[in-house]
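Undergrad:
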Amino acid sequence: MQIPLQVTFRGLPHSDAMEAKIQEKAQKLERYYDKITSCRVMVERTHHKHQKGDLYHVRIDLTVPGKEIVISREHHDNHAYEDAYVAIRDAFQAAARQLEEYARIQRGEVKGRGSHKAALE
């Protein structure tokens, strides 16, 4: 990455362990696309006043040449997201899928979303 990873915590104290896990997962994203310019990750704990525990929302903003990819994992009904590490894992898995798809498009292996219309004309 050209710009160092930026990690932000909202509604919860900074966690060195959680930041280390995010750093590890962000580095692995370069396997899918090695031209990532920047990666910003926000982990937020949302408070619920019902009997359920707090849920975590994870947002990843990736900048690659010509595009910004945004991944947001927040499910109000998913109790798995009561664990921040599960929310982080799922967000980075989604990021990996989107980067892999973007890399395929860049290599010309699949057509981009706008290409189908042009191919029909």
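Heads up: the sequence shown begins at 355 in our numbering, then just goes up one per residue. Glycine included, each C-beta is placed from N, C-alpha and C at the ideal position.
(1) For the beta strand (DSSP E) holding Leu409, just list the boundary residues, first then last.
(2) Can you tell me whether Leu366 is buried or exposed? The criterion is at least 16 other CB atoms within 10 Å of its CB, across all chains shown.
(3) Go ahead and label His401 buried or exposed: buried means 16 or more other beta carbons lie within 10 angstroms of its beta carbon, across all protein chains shown.
(4) Which residues in the same chain have their Cβ closer than 7 Å to the Cβ of Tyr387, if we skip the five residues on either side of it in sequence?
(5) Express the C-alpha separation of Arg461 and Ala380 in angstroms, rounding to a whole number.
(6) Taking the DSSP output, what are the residues bridged to Gln360?
(7) Sorted by chain position, which residues of the same chain lie with C-beta nearer than 8 Å to Ala449's C-beta, five sequence neighbours on each side aside?
(8) Leaving aside the five residues before and after Gln377 along the sequence, list all residues of the same chain whose C-beta is less than 7 Å from its C-beta, in chain order.
TA: Answer, in terms of the structure:
(1) In the DSSP annotation of this structure, the continuous segment of the beta strand (DSSP E) that includes Leu409 starts and ends at Leu409 to Val418.
(2) Exposed, by the Cβ-count rule.
(3) His401 is exposed by the Cβ-count criterion.
(4) Excluding its 5 nearest sequence neighbours in each direction, Tyr387 has C-beta neighbours in its own chain below 7 Å: Val418, Leu453, Tyr456 and Ala457, listed in chain order.
(5) Ala380 and Arg461: Cα-Cα distance of roughly 22 Å.
(6) According to DSSP, which records beta bridges pairwise, Gln360 is partnered with Arg394.
(7) Apart from sequence neighbours up to five positions away, the residues of its chain that approach Ala449 with a beta-carbon distance below 8 Å are Leu383, Ile414, Leu416, Ile423 and Ile425, ordered along the chain.
(8) Sequence-distant partners of Gln377 (beyond 5 residues in either direction) whose C-beta falls short of 7 Å from its own C-beta, in its chain, are Leu359.
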